[in-house]
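Chemist:
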Amino acid sequence: MKLIPRKVFLTSGVGHHEDALVSFELALRDAGIEKYNLVYVSSIYPPGCELITKEEGLKYLQPGQIVFCVMAKMTSNDAGKTIYASIGVAIPENKELNGYLTEYYGYCDEKEDVGKYAEDKAAYMLETAFGVKPMKTLNITRKAKVRNGMYTTVVATSVFI
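Following numbering that gives the first Met the number 0, the numbering of the sequence shown begins with 0 at its first residue and continues without gaps.
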């Protein structure tokens, strides 16, 4: 049996709490994916995979289901700092080729375009792997300022179906 996803959606979330694990749960809730058993996989966009909306994608999933995803996650309690999580996507025109997903996370300036960086690196991986420019690039990025006395978690995720 081959496990090759046919659909994918992007989502992101942020959570704040005095406990790091709870802040992660709240970020997953904000992203709408807290009800699933998430299994992290590496960063290949499957050949022929269809990019769908989060709302459409959630209709395919049931609570407790094991769901594969690529996730960027950052948790910090460094008050006043801005953190981010970003997934970059590069999709080739040829549907027989795989594309690339990149996951980046860390600290950033509030105005820094970290999403564009993730997107550009996904395009670079596609171009160097196959010698083709992407048909489409995009990213999903979440930033948040860390609150005083709290942990803050940001997640950016591509969820496979």
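Just so you know, even glycine gets a beta-carbon here, dropped at the ideal spot from N, CA and C.
Just so you know, these numbers come straight off a predicted model, no measurement behind them.
Taking the alpha-carbon positions, what's the V7 to A155 distance?
Modeler: 13 Å
Chemist: Between G79 and V13, how many whole angstroms is the CB-CB distance? I'm expecting something under 8 Å.
Modeler: That belief does not hold up - the Cβ atoms of G79 and V13 are roughly 16 Å apart, past 8 Å.
Chemist: Is I139 a contact residue of the ligand ADP, with contact defined as CB to any heavy atom under 7 Å?
Modeler: Looking for the ligand ADP in the displayed structure turns up nothing, as the structure carries no ligands at all.
Chemist: Kindly list the residues whose CB is nearer than 8 Å to the CB of L2, restricted to its own chain and excluding five residues on each side of it in sequence; keep chain order.
Modeler: F67
Chemist: So what does DSSP say about V145, is it helix, strand or coil?
Modeler: coil
Chemist: Rounded to whole angstroms, what is the Cα-Cα separation between T101 and F129?
Modeler: 17 Å
Chemist: Within 10 angstroms of its Cβ, does S41 collect 16 or more other Cβ (buried), or is it exposed?
Modeler: exposed
Chemist: With three or more C-beta pairs closer than 8 Å as the rule, is the segment 83 to 91 touching the segment 117 to 129?
Modeler: yes
Chemist: Kindly indicate which residue of Y35, P46, A71 has the alpha-carbon position closest to the one of P62.
Modeler: Y35
Chemist: Quick check: what's the CA-CA separation for I32 versus S11?
Modeler: The alpha-carbon atoms of I32 and S11 are separated by roughly 9 Å.
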